[in-house]
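With my numbering applied, the sequence shown corresponds to residues -4 to 264, in that order.
These notes are about the structure you will find just below.
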Amino acid sequence: MPSLRPGPVIGLIVQFALLVVLASTTGLGSAGWLAGIGYGIALCLLVDRALRTARRNGFGPADRVTLSRALLAGCVTALVADSFVHEVAVPVLVGVTVVALVLDAVDGRVARGTGTDSAFGARFDMEVDAFLILVLSLYAAPRFGIWVLAIGAMRYVYVVATWVLPWLNGRLFPRYWRKVVAAIQGIVLCAAAANLLPRPLVVIALVAALALLTESFGRDVGYLFRHRHALATRPAFLMGATPVEARGLGGAAAADGAVPGDQSERVRA
-4 MPSLRPGPVI
6 GLIVQFALLV
16 VLASTTGLGS
26 AGWLAGIGYG
36 IALCLLVDRA
46 LRTARRNGFG
56 PADRVTLSRA
66 LLAGCVTALV
76 ADSFVHEVAV
86 PVLVGVTVVA
96 LVLDAVDGRV
106 ARGTGTDSAF
116 GARFDMEVDA
126 FLILVLSLYA
136 APRFGIWVLA
146 IGAMRYVYVV
156 ATWVLPWLNG
166 RLFPRYWRKV
176 VAAIQGIVLC
186 AAAANLLPRP
196 LVVIALVAAL
206 ALLTESFGRD
216 VGYLFRHRHA
226 LATRPAFLMG
236 ATPVEARGLG
246 GAAAADGAVP
256 GDQSERVRA
């Protein structure tokens, strides 16, 4: 069995260190530890596999920023898992989430500024976005209703659907609105987690966010259906062993100048 690349292993070590910091400052129960460690191991293995697929030995400058976001998402995962057992420090949860969301705008700038845009980087960025939003949806669902899970689950339902309907892997035209919609999901879910705004206002914001996400997916699905006989397709996987067309949250990986429809080859937004 080939050895793991240093980058993912260092990420796993840092993830464990961050969990220790959480445990020593805010407290972290067994559920949080299990979720956090499980996340860290899965992240290490999946990223190492993706690096091998891309024939890369390590991370570029922007990838390190994305890895930082992924590790923060691991902290959020641990806190959310703990929240199902006992109360967690909401300011810490929200603070970590805000930093992760802010860094989402940094890795793209770093990639463009250093000329290190890559298929691996765009895909890594996309997967971190999608998973963080899924976890935030899980946190919001008990308070606002199970329907909120649709926000986080939609991207993964889409991937599963591509296994049955291969034409969903067709190439899409670039549309910056996809990235905007993805950003809105994170902001609204973070606001819901903060629990500072009136509940009716948050519910309206969540409904609006879900509506925008549904519209974004619906528009792209409609386009792919209409052009299903003309568009090239490839199998979709999550950080898999082959090149992918794994669709981002609402097509979130799309950016101006991106390769139409091929999310594994798009530059970071």
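Just so it is clear, CB atoms sit at the ideal spot from N, CA and C, and this is done for glycine as well.
Because the structure is a prediction, the values reported are computed rather than measured.
Judging by CA-CA distance, which residue of the options is the nearest neighbour of residue i?
i, options, result
"Leu41", "Arg0, Phe168, Thr209", "Arg0"
"Gly24", "Leu38, Gly2, Ala73, Val9", "Ala73"
"Leu133", "His81, Leu144, Ala37", "Leu144"
"Val198", "Ala30, Ala135, Ile32, Ser113", "Ala135"
On the premise that residue j lies in contact with residue i, defined as a C-beta separation below 8 Å, what is that separation, rounded to the nearest angstrom?
i, j, result
"Ala49", "Val105", "Not quite, the Cβ-Cβ distance comes to about 18 Å (not below 8 Å), so this is no contact."
"Val94", "Leu67", "6 Å"
"Arg223", "Gly165", "6 Å"
"Ala187", "Leu201", "6 Å"
Is residue i a contact residue of the ligand MN, with contact defined as CB to any heavy atom under 6 Å?
i, result
"Ala57", "As far as ligands go, the structure on display features none, and thus does not contain the ligand MN."
For the alpha helix (DSSP H) containing residue i, list its first residue and its last residue.
i, result
"Tyr217", "A small fix is needed here, since residue 217 is Gly in this sequence, not Tyr. It spans 194 to 221 - the alpha helix (DSSP H) in which Gly217 sits, taken as one unbroken run."
"Ser113", "Run containing Ser113: none; DSSP gives neither H nor E here."
"Pro1", "1 to 20"
"Arg150", "144 to 159"
"Ala84", "Premise fails: Ala84 is in no alpha helix (DSSP H) and is neither H nor E."
"Ala30", "25 to 48"
"Trp172", "171 to 189"
Applying the criterion that 16 or more other CB atoms from any shown protein chain within 10 Å of the CB defines a buried residue, is residue i buried or exposed?
i, result
"Ser78", "buried"
"Gly55", "buried"
"Glu210", "exposed"
"Thr20", "exposed"
"Tyr34", "buried"
"Ile128", "buried"
"Ala203", "exposed"
CB residue i to CB residue j, shorter than 7 Å?
i, j, result
"Gly98", "Arg64", "Per the sequence presented here, residue 98 reads as Leu, with Gly not at that position. Yes. Within cutoff."
"Gly2", "Gly53", "yes"
"Gly181", "Leu96", "yes"
"Leu184", "Leu131", "yes"
Please report whether the beta-carbon of residue i lies at a distance below 7 Å from any beta-carbon of chain C.
i, result
"Ala117", "Absent from the structure: chain C. Only one protein chain is present."
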